[in-house]
Amino acid sequence: MELEILEPHGFCAGVKGALERARRHPDAWCLHELVHNDQVVEELRAGGMKFVESLDDIPEGGTVVFSAHGVSPAVREQARRRGLRIVDATCPFVARVHREAKEFALRGLDVVVIGHKGHAECEGIVGEVVAAHGRVFVYPDLPPQGAKIGVVSQTTMNADDVAAIVSRLKDAYEVAAAAQVCNATKERQDAVKRFSGDALIVLGGAKSSNTRRLAEVARCRAYRVGTHEELAAIPLDGVRRLGMTAGASTPEKSLRSAIEFIAAQRGPKLGGAV
Ligand code: SF4
């Protein structure tokens, strides 16, 4: 069996930056997971970081880390009111989407967010529009036909889906701008779409949006796995060419460990990039 490791892999710039900032404050309280990867979260937890789902769980005067997914202005304000010291680990690409969404709202446009309701990044973007007193809709919710809209996207969506949705919206609305996923997401999705083997393993967390999209855009059967148990359960009989990719928040050591695991399972028949 040939194993092909798709490029790029390893942490994206946004995850690297978030980790650098968080590691400077090992005793802080991180609001939600810094990034959606269990290994990363456990490593930070082992170093002393606490993970909370509400600012109310942080003692006054404590240091809060905002995750790479960003937060709404209301959350920032609440942290200030509580006297918390803020460490902002928001990815710059997410921050750019916040600025775009706010600008649309200030221009009086209805803002349509192509994203997953309930995901931290989507909630932060929605909160940005609300703070600017704008009207916001998370697709497929939409304003009345004919409205002038500004469209933004969660950074880790399926790039093809986003392009198709924007194109459809242009038939019914005056669309002020098109939304885009981030480069790290697009590059990995493009590599997956180019892969023409028999099966693909996508390493990454179940909650990681960019990881899940990689499994969705594959043109062969694809398996998202986060643990060796899940890896061991993948049916590889008959697979001659296996691809492996990883989400933008998956550590390189997880990839190396998965390669070694597969090599040990498949023994001398393994070839390709390993
Ligand atoms: S996947 Fe994109 S948006 Fe998310 S942290 Fe990486 S660069 Fe930032």
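When you line the sequence shown up against our numbering, it's residues 1356 to 1629, in that order.
Backbone N, C-alpha and C fix where the C-beta goes; we use that ideal spot for every residue, glycine too.
Return the residue from the list the options that minimises the CA-CA distance to residue i.
i	options	result
Arg1621	Val1420, Gly1552, Val1594 and Arg1567	Val1594
Asp1515	Gly1501, Cys1537 and Ala1429	Cys1537
Ala1577	Ala1377, Leu1591 and Ser1564	Leu1591
Gly1438	Pro1414, Phe1421 and Glu1476	Pro1414
Pro1428	Gly1417, Asp1443 and Gly1416	Asp1443
Arg1436	Pro1381, Arg1451, Asp1411 and Ala1450	Asp1411
Val1449	Ile1480, Pro1498 and Gly1598	Ile1480
Glu1455	Cys1477, His1424 and Ala1532	Ala1532
Ala1519	Tyr1494, Ser1409 and Pro1498	Tyr1494
Val1370	Gly1425, Phe1616, Met1404 and Glu1408	Gly1425
Phe1366	His1453, Lys1608, Ala1618 and Ala1401	Lys1608
His1380	Val1395, Gly1403 and Glu1397	Gly1403
Thr1582	Arg1596, Phe1616, Gly1598 and Cys1575	Phe1616
Val1530	Leu1586, Asp1465 and Arg1596	Asp1465
Val1407	Val1396, Val1395 and Trp1384	Trp1384
Ala1486	Arg1596, Val1468 and Val1430	Val1430
Thr1511	Lys1525, Glu1542 and Val1484	Glu1542
Val1467	Ala1368, Asp1496 and Cys1575	Asp1496
His1387	Ala1475, Val1484 and Glu1483	Ala1475
Does the Cβ of residue i have 16 or more other Cβ atoms within 10 Å, making it buried, or fewer, making it exposed?
i	result
Glu1432	exposed
Ala1613	buried
Ala1401	exposed
Ser1409	exposed
Asp1382	exposed
Gln1535	buried
Pro1623	In this predicted model, Pro1623 has a pLDDT of only 45, less than 50, meaning its place in the structure is not dependable enough to derive any value.
Glu1584	exposed
Gly1626	Here the model assigns Gly1626 a pLDDT of 48, short of 50, so the residue's position is not dependable and the matter cannot be decided.
Ala1619	exposed
Ala1373	buried
By the DSSP assignment, the alpha helix (DSSP H) with residue i in it spans what residues?
i	result
Arg1296	The structure shown has nothing for residue 1296, since the chain only spans 1356 to 1629.
Val1557	Where Val1557 is concerned, there is no enclosing alpha helix (DSSP H), although the beta strand (DSSP E) it sits in stretches over Ala1554 to Leu1558.
Thr1540	Asn1538 to Arg1549
Leu1586	His1583 to Ala1587
Tyr1458	The sequence given here places Glu at residue 1458; Tyr does not occur at that position. Glu1458 -> alpha helix (DSSP H) spans Pro1447 to Leu1461.
Ser1508	Where Ser1508 is concerned, there is no enclosing alpha helix (DSSP H), although the beta strand (DSSP E) it sits in stretches over Lys1503 to Ser1508.
Thr1566	Ser1564 to Val1572
What does the alpha-carbon distance come out to for the pair residue i and residue j?
i	j	result
Pro1447	Leu1358	34 Å
Val1419	Ala1377	10 Å
Gly1473	Phe1492	13 Å
Thr1605	Gly1489	36 Å
Val1551	Arg1579	It should be noted that the sequence gives Ser, not Val, for residue 1551. Rounded to the nearest angstrom, the two C-alpha atoms are 17 Å apart.
Gly1470	Gln1509	5 Å
Gly1602	Val1557	7 Å
Glu1571	Leu1555	11 Å
Ala1573	Ala1588	19 Å
Leu1610	Pro1498	43 Å
Ala1416	Ser1422	Contrary to the premise, residue 1416 reads as Gly rather than Ala in this sequence. If you take the alpha carbons of Gly1416 and Ser1422, they lie about 19 Å apart.
Glu1398	Ser1522	42 Å
Val1629	Thr1600	In this predicted model, Val1629 has a pLDDT of only 40, less than 50, meaning its place in the structure is not dependable enough to derive any value.
Ala1539	Gly1560	16 Å
Ala1434	Cys1477	19 Å
Glu1375	Asn1513	27 Å
Thr1445	Gly1463	26 Å
Gln1500	Lys1405	46 Å
His1453	Tyr1528	22 Å
Val1517	Leu1524	10 Å
Ile1441	Asp1553	47 Å
Cys1575	Leu1597	10 Å
Val1396	Leu1586	20 Å
Arg1451	Val1484	13 Å
Met1356	Lys1562	30 Å
How would you write the range of the beta strand (DSSP E) that residue i sits in, first residue to last?
i	result
Asp1465	Asp1465 to Ile1469
Leu1374	That residue, Leu1374, is in no beta strand (DSSP E); its alpha helix (DSSP H) goes Ala1368 to Arg1378.
Arg1576	Arg1576 to Val1580
Lys1405	Lys1405 to Val1407
Are three or more beta carbon pairs between the segment 1534–1553 and the segment 1362–1370 nearer than 8 Å?
-> Cβ pair count under 8 Å is three or more, so yes.
Three CB pairs or more closer than 8 Å across the segment 1388–1399 and the segment 1548–1568 | These segments touch.
Evaluate contact between the segment 1497–1517 and the segment 1447–1464, counting only Cβ atoms and requiring at least three cross-stretch pairs below 8 Å.
-> Yes: at least three Cβ pairs fall under 8 Å.
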